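Read the structure below first, then the notes.
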Amino acid sequence: MAPGIQAVRDSTPALKRQTMPRAKRAAIVGIPAFFVLAVTGSASLGLIVAVLIFGGLYIPAWNTLPLGKWIVPLGVILLAVLYPLYQPNLFDVVVFGNFPSIDTGVTMMIFIMMALGLNIVVGYAGLLDLGYVAFYAMGAYTVAWFASQHFSNVNVHVGGVGVAPDTPGFHISIWLVLIIAGVFATLAGILIGFPTLRLRGDYLAIVTLGFGEIMPQIASNGDNLFGHNITNGPQGINPIDPPGFGNTLHNAVGLPSDYLSSTSSTRLFYWTALFLVLVTVFCTVRLRDSRLGRAWIAIREDETAAAAMGVPLMRTKTWAYAAGAFFGGVAGAYYGSFKGGTFPGDFYFNISIFILCMVILGGMGNVWGVIVGAAFLSYLNQEGLANIGAWMNANGVSDFVFRKNIDVPLYTSGIFGVILVLTMLFRPEGLIPSSRRKAEFHEGVHDEPLYDVTHE
Amino acid sequence: MADLLTAVGVRKEFGGLVAVNDVDFTIPERTIVSLIGPNGAGKTTFFNMLTGVYKPTAGQIVFDGHDVTGKPPHAITQRGIGRTFQNIRLFQSMTSLENVLVGMHSRLKGGVLRAVIKPPSLKREEIAAREKAHDLLEFCGLRGRDDEYARNLAYGDQRRLEVARALGTEPKLLLLDEPTAGMNPQETAEFTAFVSKLREEEGLTVLMIEHDMRVVMGISERVTVLDYGEKISEGTPQEVQRDERVIEAYLGTAAVS
Amino acid sequence: MASEQARVRVARPGYRPDVLSIVGLLFVAAVGLWLLINFIKAPADFYNLFLIGLTNGCVYGLVALGYSLVYGILELINFAHGDVFMLGGMLVATMTTSWALANKSGIVLWLFILLMLLIAMAFCATINTTIEIVAYRRLRNAPRLAPLITAIGMSFILQNIGLVWKGARPTSVPDILPHGTVFTIGGVPYTWNRFIVLLFTVPVLLALMWLVQRTRHGKAMRATAQDREAAAMMGISVNRTISFTFFLAGCLAGAAALLYALYFTNIRYTEGFRVGLIAFTAAVLGGIGNLPGAVLGGLVIGFVESFNNGLGWHAPGSDWSQSIIFAILILILVFRPEGLLGERTPEGV
Chain A
1 MAPGIQAVRD
11 STPALKRQTM
21 PRAKRAAIVG
31 IPAFFVLAVT
41 GSASLGLIVA
51 VLIFGGLYIP
61 AWNTLPLGKW
71 IVPLGVILLA
81 VLYPLYQPNL
91 FDVVVFGNFP
101 SIDTGVTMMI
111 FIMMALGLNI
121 VVGYAGLLDL
131 GYVAFYAMGA
141 YTVAWFASQH
151 FSNVNVHVGG
161 VGVAPDTPGF
171 HISIWLVLII
181 AGVFATLAGI
191 LIGFPTLRLR
201 GDYLAIVTLG
211 FGEIMPQIAS
221 NGDNLFGHNI
231 TNGPQGINPI
241 DPPGFGNTLH
251 NAVGLPSDYL
261 SSTSSTRLFY
271 WTALFLVLVT
281 VFCTVRLRDS
291 RLGRAWIAIR
301 EDETAAAAMG
311 VPLMRTKTWA
321 YAAGAFFGGV
331 AGAYYGSFKG
341 GTFPGDFYFN
351 ISIFILCMVI
361 LGGMGNVWGV
371 IVGAAFLSYL
381 NQEGLANIGA
391 WMNANGVSDF
401 VFRKNIDVPL
411 YTSGIFGVIL
421 VLTMLFRPEG
431 LIPSSRRKAE
441 FHEGVHDEPL
451 YDVTHE
Chain B
1 MADLLTAVGV
11 RKEFGGLVAV
21 NDVDFTIPER
31 TIVSLIGPNG
41 AGKTTFFNML
51 TGVYKPTAGQ
61 IVFDGHDVTG
71 KPPHAITQRG
81 IGRTFQNIRL
91 FQSMTSLENV
101 LVGMHSRLKG
111 GVLRAVIKPP
121 SLKREEIAAR
131 EKAHDLLEFC
141 GLRGRDDEYA
151 RNLAYGDQRR
161 LEVARALGTE
171 PKLLLLDEPT
181 AGMNPQETAE
191 FTAFVSKLRE
201 EEGLTVLMIE
211 HDMRVVMGIS
221 ERVTVLDYGE
231 KISEGTPQEV
241 QRDERVIEAY
251 LGTAAVS
Chain C
1 MASEQARVRV
11 ARPGYRPDVL
21 SIVGLLFVAA
31 VGLWLLINFI
41 KAPADFYNLF
51 LIGLTNGCVY
61 GLVALGYSLV
71 YGILELINFA
81 HGDVFMLGGM
91 LVATMTTSWA
101 LANKSGIVLW
111 LFILLMLLIA
121 MAFCATINTT
131 IEIVAYRRLR
141 NAPRLAPLIT
151 AIGMSFILQN
161 IGLVWKGARP
171 TSVPDILPHG
181 TVFTIGGVPY
191 TWNRFIVLLF
201 TVPVLLALMW
211 LVQRTRHGKA
221 MRATAQDREA
231 AAMMGISVNR
241 TISFTFFLAG
251 CLAGAAALLY
261 ALYFTNIRYT
271 EGFRVGLIAF
281 TAAVLGGIGN
291 LPGAVLGGLV
301 IGFVESFNNG
311 LGWHAPGSDW
321 SQSIIFAILI
331 LILVFRPEGL
341 LGERTPEGV
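Protein chains in written order, with this note's numbering: chain A, 1 to 456; chain B, 1 to 257; chain C, 1 to 349.
Structural data, given as structure tokens:
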């Protein structure tokens with residue numbers, strides 16, 4: 001390279017960070033502004049346009065400021081935290097109807113957590129795990145074992161809330177159980193990984209698919225496993241204790257003693273779920289930027305080269321499974337406590353594919369993308385599709401296209417299937433790709449198996 | 001001079017095909033050895049057995065006093081054998097610096113829990129690692145390329161990065177698989193000088209598979225010739241050059257007579 | 001000199017398979033013993049279950065052939081294959097009902113069945129080929145994850161179509177196959193409807209093998225399966241060969257669908273996935289890419305399922321069928337990935 005150019009490069013490090021284009025600035029400012037205006041009831045077109053122009057022209061690009069890169073994430077977190085407060089005031093959107101309820105919000109948070117967990121396995125390490133639901137189930141049953149009356153022949157209370165002290169069964173504080181559930185799921189992940197991770201990509205996929213498929217079976221038949229009632233069979237285990245902080249802390253600091261008996265119970269569940277998501281994001285990012293994260297990406301790109309560079313393949317892949325499983329377990333446990341019960345019917349294998357869809361649509365390997373993908377698709381699954389259907393039926397769209405009213409949620413699996421296919425065909429790097437991934441898909445990678453027989 | 005690597009009776013069969021046929025091979029410390037032979041002679045197969053990609057069907061390989069026969073690749077790398085690949089296998093979606101950092105994987109210690117908590121000791125380790133990787137890149141002639149994605153590098157730079165990455169594994173023995181393929185004469189001369197530097201300044205032992213005779217004759221202290229999986233000649237470059245069997249292997253029987 | 005120093009024990013790595021083979025053989029022996037005991041205790045049941053397993057196994061084998069064909073040529077697990085089979089079954093159900101075949105008999109009935117066979121085969125073949133052209137072709141050079149994920153997506157779409165077409169509950173198919181006895185064994189009648197399934201599978205397998213081994217098309221398929229680029233350089237149209245393979249696999253699925261629908265008189269939108277997983281396990285068990293192996297694997301799984309469901313003495317029971325079959329899949333992939341009839345590729349990958 002000519003010395004002159006090199007000198008220029010060396011002396012202008014700031015060239016690497018590009019200032020944000022005006023359109024992007026305007027959009028990022030415009031969205032929350034729109035919300036605020038909508039909530040206060042003054043969202044008119046003129047006002048919105050004014051805000052956008054102002055945002056684009058006058059607000060400086062903040063990503064070059066010292067802490068600039070935190071502004072957007074913090075803004076989003078703020079929007080999410082305050083959501084229960086302004087949600088009732090929000091307007092109805094065309095086609096989609098009302099914004100998601102707080103209840104749906106909790107479900108969305110749970111799915112975001114699981115998607116982030118799967119992202120570690122599929123997005124970072126490149127292992128196609130089609131049986132993620134197994135970890136979710138592990139977590140759900142862990143909370144069912146340690147915070148309910150299931151094991152009625154014992155009476156162990158360690159911080160359990162919402163139940164009288166003489167109630168039989170394990171009643172451990174949900175906060176502890178979440179960690180236990182994560183650990184159990186991790187162990188399950190290591191166990192499942194042991195035979196499966198040595199297999200090639202497509203075999204790994206179908207074996208994990210099988211695991212996901214037999215999970216509901218085992219759950220259903222678990223009321224008589226060699227004479228022991230592990231899962232209570234098809235009826236499931238309920239009720240499950242709610243989270244809470246107990247009476248001592250309630251009297252001392254005002255924390256809710258148990259979520260169910262509080263007046264703003266749904267909000268509490270929502271905020272806790274949001275907190276769990278933030279913890280997951282934190283851990284995920286830390287892992288991604290660590291030595292282990294680099295090893296995962298190396299394995300995904302070229303196993304043989306990674307092994308030649310000293311990366312122990314089985315161990316590193318198992319860590320990916322374990323990490324992903326941990327978050328799946330915690331998510332499952334929290335969800336069990338939220339719903340107050342765990343049933344085999346919760347673990348239909350489709351869930352694994354739904355979560356995979358979220359990761360892929362959002363952008364494999366990209367934390368933001370996965371969050372957006374998960375939030376959107378879980379919303380669709382819970383409320384969105386039903387709302388769309390209602391709108392289409394009410395406004396004659398159904399009549400026009402299909403000649404009758406249609407039940408959109410009936411088409412859920414098909415719609416997710418179409419999303420998967422279209423994404424893979426036209427934008428495999430996802431909606432919000434990581435810069436690494438975009439090149440990988442359009443240029444290809446070395447993913448031959450380890451033993452490369454074609455070499456001489 | 002002690003032998004850094006000793007391979008005895010190493011054999012590789014693929015079903016009915018014998019790719020490497022009972023080859024004995026030693027590499028003394030701090031030498032530069034070349035492995036040559038016509039295409040299909042079994043050189044890369046032999047390499048792959050040294051690095052653990054293939055398990056030998058028979059034979060034993062002892063490296064630095066340890067038996068590494070049939071051990072998995074990452075264990076062999078940990079013992080101190082680093083390698084580059086014939087067709088460049090960099091991690092294309094990672095930067096140069098990150099590629100070298102992956103090479104250093106077995107020499108760093110951060111685990112899962114420490115990664116999440118990120119204690120000061122880990123921060124120090126990462127900073128030190130990055131500095132070392134940066135130095136390695138400079139040493140290999142890749143100054144200023146730290147944050148370039150590997151796929152965007154020029155061909156010659158990619159080859160250099162492969163070496164830098166292999167050096168990241170802190171090897172005692174460096175295996176180079178056709179390192180000058182696709183290089184012009186000047187690049188080849190630079191690379192040859194670089195390999196010498198590796199031996200002189202870093203005390204490395206180097207084993208090369210090479211087709212370019214200038215390189216082979218230029219810096220190898222010893223040359224071993226394989227043909228059809230068998231060792232047909234071994235000695236100094238001059239000895240091997242005059243060996244009838246070698247000429248026959250490369251040019252055919254008519255060339256000898 | 002150096003070689004003398006290092007002339008230590010010359011290691012011969014790779015003893016593992018022997019221990020495993022012994023364990024495997026012991027296990028098979030134990031299973032054989034269990035079967036024998038059950039046979040002695042209730043021979044009529046045993047014969048009946050044997051025949052059931054034989055029949056089911058043939059159906060599984062036919063579907064497994066489709067998986068094997070496609071995997072052999074593209075190294076792709078076509079997740080959607082089972083669902084194509086399911087849609088074929090639904091078509092057969094529709095045809096049988098709307099043409100009131102229950103009221104027909106004799107030659108007319110058989111002509112109609114033949115007609116349904118051809119239509120089902122054409123239907124499934126068309127779907128399969130379309131899926132290949134629309135979804136898989138573009139992704140032939142993409143990283144391996146991509147076509148796999150697309151296949152899953154297609155599977156979902158097809159399942160949804162099945163759900164919308166016939167609803168969530170099982171669709172019943174009029175029972176039109178004859179139930180007369182062909183022969184009796186151990187007091188258990190071997191009825192015509194079972195025999196027809198067997199009667200059908202064997203020639204199909206033989207015809208397929210002839211096609212793959214002896215015809216030009218088959219040669220093209222085998223060449224493309226081994227080395228796509230080389231085949232292209234030899235003048236083989238890779239696209240057409242692959243499309244032809246999918247076409248064949250679709251025909252097999254259609255035929256299997258006809259047999260399934262008429263024999264079990266029942267079809268449900270989730271059957272595709274269930275049978276697909278079983279059939280894939282069968283294909284792997286027999287040796288993926290190996291055609292007789294696929295049918296052999298199908299038969300083995302058919303027997304395993306049947307004996308497990310029905311035997312009286314210490315059988316895990318139908319609740320555990322899927323788990324057992326799945327366990328077989330894992331064990332095979334981990335310990336003997338080339339299956340029963342497959343060739344051991346170097347290092348077993």
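A virtual CB, placed ideally from N, CA and C, is assigned to each residue, including glycine. These numbers were taken from a predicted model, which means no experiment stands behind them.
Which runs of the alpha helix (DSSP H), 4 residues or longer, sit entirely within the segment 69–150 of chain C?
Every alpha helix (DSSP H) of 4 residues or more that sits fully in the segment 69–150 of chain C is shown, in chain order, as 81–98 and 106–131.
Is the Cβ of A/CYS283 closer than 7 Å to any Cβ of chain B?
Residue 283 of chain A sits at position 283 when you count from the first residue of the first sequence. At a cut-off of 7 Å between beta-carbon atoms, A/CYS283 makes contact with chain B.
Quick check on A/TYR335: does DSSP put it in helix, strand or coil?
As a working note, residue 335 of chain A is residue 335 in the first sequence. Looking at A/TYR335 - three-state DSSP - the assignment turns out to be helix.
Around the C-beta of B/GLU200, are 16 or more other C-beta atoms found within 10 angstroms, so that it is buried, or is it exposed?
To locate residue 200 of chain B, count along the second sequence from 1; it is residue 200. Burial call: exposed.
Indicate whether C/ASN48 and C/VAL188 have their beta-carbon atoms separated by less than 7 Å.
For this step, residue 48 of chain C is matched to residue 48 along the third sequence. For this step, residue 188 of chain C is matched to residue 188 along the third sequence. Yes, these two residues count as a Cβ contact at 7 Å.
Does C/ILE267 come out as helix, strand or coil in the three-state DSSP assignment?
Counted from its first residue, the third sequence places residue 267 of chain C at position 267. Under the three-state reduction of DSSP, C/ILE267 is assigned to strand.
Taking the alpha carbon of A/LEU127 as the point to measure from, which residue in A/ALA33, A/VAL330, A/ILE214 and A/ARG198 has its own alpha carbon closest?
On the first sequence, position 127 is the one that residue 127 of chain A refers to. For the residues A/ALA33, A/VAL330, A/ILE214 and A/ARG198, the minimum Cα distance to A/LEU127 belongs to A/ARG198.
Among the candidates B/GLY9, B/PHE85, B/ASN99 and B/ARG242, whose CA atom is the shortest distance from the CA of B/GLN60?
Indexing the second sequence from 1 puts residue 60 of chain B at position 60. With distances taken between Cα atoms, B/GLN60 lies closest to B/GLY9.
Indicate whether at least one CB of chain C lies closer than 7 Å to the CB of A/TYR141.
Along the first sequence, read from residue 1 onward, the residue named residue 141 of chain A stands at position 141. Chain C has no Cβ within less than 7 Å of the Cβ of A/TYR141.
When you compare the CB positions of A/GLY324 and A/LEU118, do they come within less than 7 Å of one another, or not?
Taking the first residue of the first sequence as position 1, residue 324 of chain A is located at position 324. Taking the first residue of the first sequence as position 1, residue 118 of chain A is located at position 118. In this structure, A/LEU118 lies closer than 7 Å to A/GLY324 by Cβ.
So who's on the other strand from A/PRO216, going by DSSP bridges?
The count along the first sequence starts at 1 and reaches residue 216 of chain A at position 216. For A/PRO216, which the question treats as bridged, DSSP gives no partner whatsoever.
Would you say C/ILE236 and C/ALA220 are within 7 Å of each other, going by their C-beta atoms?
Along the third sequence, one-based indexing puts residue 236 of chain C at 236. Along the third sequence, one-based indexing puts residue 220 of chain C at 220. Result yes, Cβ atoms of C/ILE236 and C/ALA220 sit closer than 7 Å.
If you measure from the beta carbon of A/GLU301 to each beta carbon in chain B, is any gap under 7 Å?
Taking the first residue of the first sequence as position 1, residue 301 of chain A is located at position 301. At least one chain B Cβ lies under 7 Å of A/GLU301.
Who pairs with B/MET208 in a beta bridge, going by DSSP?
Along the second sequence, one-based indexing puts residue 208 of chain B at 208. Answer by DSSP bridge pairing, in chain order: B/SER34 and B/LEU176.
Does the CB of B/PRO119 have a neighbour CB from chain A at under 7 Å?
Within the second sequence, residue 119 of chain B is the residue found at index 119, counting from 1. B/PRO119 does not count as touching chain A.
Run through DSSP, which three-state label would A/GLY75 get?
Mapped onto the first sequence, residue 75 of chain A falls at position 75. Helix.
Spatial neighbours of A/PHE269 within its chain, please: C-beta separation below 7 Å, excluding the five flanking residues on both sides.
As a working mapping, residue 269 of chain A is identified with position 269 in the first sequence. Once the five neighbours on either side are set aside, the close Cβ partners of A/PHE269 are VAL106, TYR259 and PHE338.
Rounded to whole angstroms, how far is the Cβ of A/GLY169 from the Cβ of A/SER152, which I believe are closer than 8 Å?
Stepping through the first sequence from its first residue, residue 169 of chain A is reached at position 169. Stepping through the first sequence from its first residue, residue 152 of chain A is reached at position 152. Indeed, because the Cβ distance is near 6 Å, the residues count as touching under 8 Å.
At a CB distance below 8 Å, what residues from the segment 135–158 of chain B approach chain A? Give them in sequence order.
GLY144, ASP147, TYR149 and ARG151
List, in order along the chain, the chain C residues whose C-beta lies closer than 7 Å to that of A/PRO195?
As a first step, residue 195 of chain A must be located in the first sequence, where it is residue number 195. Under the 7 Å cutoff, chain C gives ILE330 and VAL334.
With 16 other CB atoms within 10 Å as the buried threshold, where does A/MET113 fall?
As a working note, residue 113 of chain A is residue 113 in the first sequence. By the Cβ-count criterion, A/MET113 is buried, with 16 or more other Cβ atoms from all chains shown falling within 10 Å of its own Cβ.
By Cβ distance below 8 Å, which residues in the same chain neighbour C/TRP366 in space, the five residues on each side in sequence not counted?
Since the first residue shown for chain C is 1 and the last is 349, residue 366 of chain C is missing from the structure and cannot be characterised.
Decide if C/GLN213 is buried, meaning its Cβ has at least 16 other Cβ atoms within 10 Å, or exposed.
The residue you call residue 213 of chain C lines up with position 213 of the third sequence. When all chains shown are included, C/GLN213 counts as exposed.
Just to confirm the assignment, what range does the beta strand (DSSP E) spanning B/SER233 have?
One-based indexing of the second sequence puts residue 233 of chain B at position 233. B/SER233 -> beta strand (DSSP E) spans 230–235.
Can you tell me whether C/GLY32 is buried or exposed? The criterion is at least 16 other CB atoms within 10 Å of its CB, across all chains shown.
Residue mapping note: residue 32 of chain C aligns to position 32 of the third sequence, counting from 1. Flag for C/GLY32 reads exposed.
Is the shortest distance between the beta-carbon of C/PHE354 and the beta-carbons of chain A less than 7 Å?
Because chain C here runs from 1 to 349, residue 354 of chain C falls outside it and cannot be looked at.
Confirm, please, whether the CB-CB distance from A/LEU431 to A/GLY363 is below 7 Å.
Along the first sequence, read from residue 1 onward, the residue named residue 363 of chain A stands at position 363. Along the first sequence, read from residue 1 onward, the residue named residue 431 of chain A stands at position 431. For A/GLY363 and A/LEU431, yes; Cβs fall inside 7 Å.
Below 7 Å CB to CB, which residues in the same chain sit around C/ARG274 once its five sequence neighbours on both sides are set aside?
Residue 274 of chain C sits at position 274 when you count from the first residue of the third sequence. So the list is empty, once near-sequence residues are dropped.
When you compare each of B/SER121, B/GLU234, B/HIS74 and B/ASN39 to B/GLY50 by their alpha carbons, which one comes out closest?
Position 50 of the second sequence, counting from 1, holds the residue named residue 50 of chain B. The amino acid at residue 50 of chain B is misidentified as Gly; the sequence shows Leu. Per the Cα distances, B/HIS74.
Going by alpha carbons, who is nearest to B/THR45 out of B/GLY103, B/VAL62, B/GLU13 and B/GLU202?
Indexing the second sequence from 1 puts residue 45 of chain B at position 45. For the options B/GLY103, B/VAL62, B/GLU13 and B/GLU202, the alpha carbon positioned closest to that of B/THR45 is the one of B/GLU13.
Which same chain residues end up closer than 7 Å to C/HIS217 when comparing Cβ atoms and leaving out the 5 residues on each side of it in sequence?
By one-based count along the third sequence, residue 217 of chain C stands at place 217. Excluding positions up to five away in sequence, the list reads LEU211 and PHE244.
Is it buried or exposed for C/LEU20, if we count other Cβ within 10 angstroms and need 16 for buried?
Stepping through the third sequence from its first residue, residue 20 of chain C is reached at position 20. Flag for C/LEU20 reads exposed.
Would you kindly work out how many angstroms separate the C-alpha atoms of A/PHE376 and A/VAL94, rounded to a whole number?
Residue 376 of chain A sits at position 376 when you count from the first residue of the first sequence. Residue 94 of chain A sits at position 94 when you count from the first residue of the first sequence. Approximately 16 Å, taken between the alpha carbons.
For A/TRP261 and chain C, any beta-carbon pair shorter than 7 Å?
In the first sequence, counting from the first residue as 1, residue 261 of chain A sits at position 261. Note that residue 261 of chain A corresponds to Ser in the displayed sequence, not to Trp. No, its Cβ sits nowhere closer than 7 Å to a Cβ of chain C.
Cα-Cα, which of C/PRO170, C/ASP83, C/LEU109 and C/LEU208 is closest to C/ALA151?
Locating residue 151 of chain C in the third sequence gives position 151, counting from the first residue. Per the Cα distances, C/ASP83.
Compile a chain-ordered list of the residues in the segment 308–331 of chain C whose CB is closer than 8 Å to at least one CB of chain A.
ASP319, TRP320, GLN322, SER323, PHE326, LEU329 and ILE330
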